[in-house]
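Just so you know, the working numbering puts the end of the sequence shown at 920, numbered straight through with nothing missing.
From the three backbone atoms N, C-alpha and C, an ideal C-beta is built for every residue, glycine too.
Only one structure is covered here, and it is reproduced in the block below.
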Amino acid sequence: MSSKGGGGAKEKGPQIAPLLVEPLLLQNFKPPHASDSPTTDLRLAQQPWPGHIIPPHPCTSWPPHAPLSPPLNPAYPQQNGEAVADVAAVDVNPAIDSYDEMMLPKVNTLFDGENEAYEFYNSYAEKVGFFVRRSTLWTTSKNIITRRTFVCSREGFREKKKGAKESKCPRPETRIGCPASMTIRLTANGKYRLTEFVPNHNHQLATASTIHMLKAKKLRRKARAVRENLVDDSVLTPEFENEDGAYEFYSMYAGKLGFNVRRASMTVNAEVITRRMFVCSKEGFREKKRGANRVKNPRPETRTGCPACMVIRLASNGKYNVTEFVTFHNHGLGAAADSDQSLTSGSYQDYAVDLVDKSPDDSAGKQNIIKDHATSNCLKARGWKRYKRKVPHYGDVGATLEYLQKMQHDNPSFFYAIKSDEDGNLTNFLWADSKSIMDFAHFGDVVCLDSGYALQGYGRPVALFTGLNHHKQTVIFGTALLYDESFEAFKWLFDTFKMAMNGILPKTLLTDRSPVMSEAVATSWPAITHRYCVWQIYQNALQQLSQAFHGSRTLECNFKRCLFDREDEAEFLMAWREMLENYGLEDNQWLADLFALKEKWALPYGREAFCADMKSVQQTDNLSSELKIHLSLECDILSFFVQFERLLCDRRSQELQADVSARQSTKKPPSMRILKQAANIYTPAAYKMFEREFELYMDCMLYNHGEMGTICEYRITVEDNPKDHFVKFDSLDSMSRCSCKGFEFVGIPCRHMLKVLDTRNIKDLPPQYILKRWRKDAKSGSSNGGYVYPCDGDPQLVQKKRHDLLCRIFSIAAARAATSAESFAYMERQSIILMGQVEQHLENSRPDIATIIGANCDCTQNRIENMVTEGLHSHTNFINGSADDSLTFPFTMSAGTLDYR
20 MSSKGGGGAK
30 EKGPQIAPLL
40 VEPLLLQNFK
50 PPHASDSPTT
60 DLRLAQQPWP
70 GHIIPPHPCT
80 SWPPHAPLSP
90 PLNPAYPQQN
100 GEAVADVAAV
110 DVNPAIDSYD
120 EMMLPKVNTL
130 FDGENEAYEF
140 YNSYAEKVGF
150 FVRRSTLWTT
160 SKNIITRRTF
170 VCSREGFREK
180 KKGAKESKCP
190 RPETRIGCPA
200 SMTIRLTANG
210 KYRLTEFVPN
220 HNHQLATAST
230 IHMLKAKKLR
240 RKARAVRENL
250 VDDSVLTPEF
260 ENEDGAYEFY
270 SMYAGKLGFN
280 VRRASMTVNA
290 EVITRRMFVC
300 SKEGFREKKR
310 GANRVKNPRP
320 ETRTGCPACM
330 VIRLASNGKY
340 NVTEFVTFHN
350 HGLGAAADSD
360 QSLTSGSYQD
370 YAVDLVDKSP
380 DDSAGKQNII
390 KDHATSNCLK
400 ARGWKRYKRK
410 VPHYGDVGAT
420 LEYLQKMQHD
430 NPSFFYAIKS
440 DEDGNLTNFL
450 WADSKSIMDF
460 AHFGDVVCLD
470 SGYALQGYGR
480 PVALFTGLNH
490 HKQTVIFGTA
500 LLYDESFEAF
510 KWLFDTFKMA
520 MNGILPKTLL
530 TDRSPVMSEA
540 VATSWPAITH
550 RYCVWQIYQN
560 ALQQLSQAFH
570 GSRTLECNFK
580 RCLFDREDEA
590 EFLMAWREML
600 ENYGLEDNQW
610 LADLFALKEK
620 WALPYGREAF
630 CADMKSVQQT
640 DNLSSELKIH
650 LSLECDILSF
660 FVQFERLLCD
670 RRSQELQADV
680 SARQSTKKPP
690 SMRILKQAAN
700 IYTPAAYKMF
710 EREFELYMDC
720 MLYNHGEMGT
730 ICEYRITVED
740 NPKDHFVKFD
750 SLDSMSRCSC
760 KGFEFVGIPC
770 RHMLKVLDTR
780 NIKDLPPQYI
790 LKRWRKDAKS
800 GSSNGGYVYP
810 CDGDPQLVQK
820 KRHDLLCRIF
830 SIAAARAATS
840 AESFAYMERQ
850 SIILMGQVEQ
860 HLENSRPDIA
870 TIIGANCDCT
880 QNRIENMVTE
890 GLHSHTNFIN
900 GSADDSLTFP
910 FTMSAGTLDY
920 R
């Protein structure tokens, strides 16, 4: 923990500071209607005090004509006059008369955030009559505030600077060591708890004649007066069932008009919102922080003090009514959102459309709607839930095109595709080299789309298609830049990736928890199993639950156990429930939404989907940390491409080293027969998984549970595990199926299946138990994943597909042969022999295809000439053009020219 502003103090538990019994304090809190009797204090007699605040014993109050005077300083007569004037004030704070006990700070009160606690103490200070200032805070290494103290503005004393000369007209002394304060601390559930409250002041508080001069109240009254002159009473708005419905309505209205919405102040009574204000995102002004002048590249100013807002209040019927609606904006508005990009919510949409249709006429003279393209590009679509568009950094599009063209020039089998929108702007890019495509053919049974780089603010929206090879190393199948994250963009991404992989689809796809992405997967790849990646869920939790993780040392560990370790349903549910109860997270909405979708990510569910132990590798792989630095906007995108190529090269070199180590292992082979067989077939990484299951099977006990025909059922128990597992064994083909579904989930026989095999006296693993993807020779054999190219149809298209496959095959062979001079010479000699055999075969058996080749080249050249002549904007008849007039350009190299498929 680190502290700022006096952070050296030790942490203390919840406590109440003892009240300072001062006659001046009693005079300040005396209600205005109380009598001046020396023995009567109506505030103490009538107003109930909270249990954690001990009121002083009733005593004789000081006569009003003889107030306690502070000590005078003869060196500063001006300050002496101000001090006397403060004490001479006889009006008592009028807010005390209407004081609401709910506004009184109480120990153990919870706040959702530090700002909420500050606003609460500010409201209390306005009622009582003093200013609030943020004081001491404790933070973690990630700048999470764990403790904060709010004090009266007159707390402490002015620091005397060394060497400062005495001023002729010194500033009035405002700090007099006032002890009033409120302290909050971060708890395990991510909320802040009020741990200490000191209500005493050693100075005169604001009176009825001066309370309206409070700065905060003065500013709020000024803003309220401005809004009252701009309220449009002719606006017709519906009633809302809840506050979210009102926010949705105002967001819809804002999206159609061209501005963003932000939730502002609210009033809560007995945990019920009685008033809420929604404002334009440009409302107010940015707070000036210390040291802001030293920032070299400050963020542009976005707040302009816009008065546009909508205020709702809770009515007697339990619904919310709009009490204020200001349509005036003091800034230009962006372009209106399309109907499919705006929020839609039944009857609310009709009201929003009516408001937009008549807003320009009704508010004539009040606002100037500017719908220029530049403004609309700068408008962030935070309120548009179904549509997200990022603006590429200056120069990124041109640099990306240059990189992709260079890569394809160096490697003819390099694949890349580009998507453009209806305006001709290039929005998304996807590329994959030949090695990535070959890796997918061997290990593409499970694919993870890692879009965390785009969602976690790394600067550039990079998304990676990754998987695992037979050494349990991360391999990259494809890379994308996604500036458009709409449904159409993700659908394009999945369709194009399928095209790049020669029409082959994975068995299982792991993605982030995104409704838009899920809808696109269901549309493009309906036959595969789609699950949410637990590693990406954990990364999102680090952001969503950051305060809760820093408020407890054990919460993060327990949350990770629920994600990565609980494979039994009963254990998972119990661990999740205990986590919520122990850390007070029952009302956390993010966790509630996550748990509602547990069947899509939790380990006890969906275990029939093959995942290849991806979760274990992702916890130890540092791929994200290697790319994070180079994705920043401060770095040129070309440096990212250079780093990305270096990363690919290093990882592929590690794979080659692992291949050599697996074939030339010097370890002593195991003595047991089945372990020796596994060590000879599996890679070392896969053998470790098998060996662990083999060791655990020793603790299993087997019981016969029934028999039907050739199928025998066994019950497997473990002494320390109360749950039993059942294995069905078919003696016809020696195939077993276990209720734990470990084999289906990881691809390694589980301990229960091994127990059955040992009981049946089967000492060798049957071949159906050994998946090729875990074998040492996983990359041997056909590299096209069993994909059969069509032999009929368009002759040009068939020839081109054969050409693409051969380019990818021989590019891999060339890459392997170039690793040594001997293999290079051998490859060169064999290529000459192979070319002679191919020419001889063509002379003996081929038809005359010279015209076909010539026609293909002419057609390709004509397409390029047409594109250069007419431009990207006029080409809307490509094969991959979408219904929204967006274009897709997949590029490959064929016969020395570019071909657009």
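If you pair each beta-carbon of the segment 287–296 with each one of the segment 327–343, do three or more pairs fall below 8 angstroms? yes
Straight-line Cα distance separating residue 171 from residue 509: 53 angstroms
The segment 485–494 contacting the segment 461–468, beta-carbon criterion three pairs below 8 angstroms: yes
Decide if residue 201 is buried, meaning its Cβ has at least 16 other Cβ atoms within 10 Å, or exposed. buried
How would you label residue 932, buried or exposed, when you count the other beta carbons within 10 angstroms and need 16 or more for buried? The question about residue 932 has no answer, for the chain in this structure spans 20 to 920.
On the premise that residue 785 lies in contact with residue 753, defined as a C-beta separation below 8 angstroms, what is that separation, rounded to the nearest angstrom? 5 angstroms
Beta carbon of residue 148, beta carbon of residue 225: below 9 angstroms? yes
Per DSSP, cross-strand counterpart(s) of residue 298: 281 and 328
Cα separation between residue 432 and residue 453? 6 angstroms
Hey, could you find the ends of the alpha helix (DSSP H) residue 581 is sitting in? 574–583
Determine the burial state of residue 179: buried for a count of at least 16 other Cβ atoms within 10 Å of its Cβ, exposed for fewer. exposed
Would residue 702 and residue 722 qualify as a contact pair, given that the criterion is a beta-carbon distance under 9 angstroms? no
Can you give the beta carbon distance from residue 449 to residue 497, rounded, assuming they're within the 8 angstroms contact cut? 6 angstroms
Can you list, in chain order, the residues of its chain whose CB lies under 7 angstroms from that of residue 744, leaving out five sequence neighbours each side? 735, 757, 758, 759 and 771
Take residue 574 and list the residues in its own chain whose beta-carbon comes closer than 7 angstroms to its own, dropping the five residues that flank it on each side. 207, 567, 568 and 602
C-alpha distance - residue 320 paired with residue 513, whole-angstrom precision: 39 angstroms
Residue 746 burial status per 10 Å Cβ neighbour count (16 or more: buried): buried
What whole-angstrom Cβ distance do residue 553 and residue 620 have, given they're in contact under 8 angstroms? 6 angstroms
Return the CA-CA distance between residue 728 and residue 778, expressed in angstroms with no decimal places. 18 angstroms
Would residue 765 and residue 846 qualify as a contact pair, given that the criterion is a beta-carbon distance under 9 angstroms? no
Please report the distance separating the alpha-carbon of residue 211 from that of residue 523. 52 angstroms
Give the secondary structure of residue 210 by DSSP, where H, G and I count as helix, E and B as strand, and everything else as coil. coil
Compute the Euclidean distance between the alpha carbons of residue 519 and residue 688, then round it to the nearest angstrom. 42 angstroms
CA-CA distance, residue 670 and residue 494? 8 angstroms
Cβ of residue 525 within 9 angstroms of Cβ of residue 500? no
Enumerate, from N- to C-terminal direction, the unbroken beta strand (DSSP E) stretches of 3 or more residues contained entirely within the segment 728–804. 730–737, 740–749 and 754–757
Collapsed DSSP secondary structure at residue 450 in the structure displayed: strand
Is the separation between the beta-carbon of residue 527 and that of residue 654 shorter than 9 angstroms? no
Taking 8 angstroms as the cut-off, does the CB of residue 777 come closer than this to any heavy atom belonging to the ligand COA? With respect to the ligand COA, the structure offers nothing, as it holds no ligand at all.
Quick one: Cα of residue 517 to Cα of residue 676, how far? 30 angstroms
First and last residue of the alpha helix (DSSP H) that includes residue 639? 633–639
Taking the beta carbon of residue 814 as the centre, do at least 16 other beta carbons fall within 10 Å, making it buried, or is it exposed? exposed
DSSP state of residue 322 mapped onto helix, strand, coil: coil
At what residues does the alpha helix (DSSP H) containing residue 510 begin and finish? 506–519
Would you call the CB atoms of residue 852 and residue 782 closer than 9 angstroms? no
If residue 834 and residue 843 are in contact, beta carbons under 8 angstroms, what's the gap, nearest whole angstrom? That belief does not hold up - the Cβ atoms of residue 834 and residue 843 are roughly 11 angstroms apart, past 8 angstroms.
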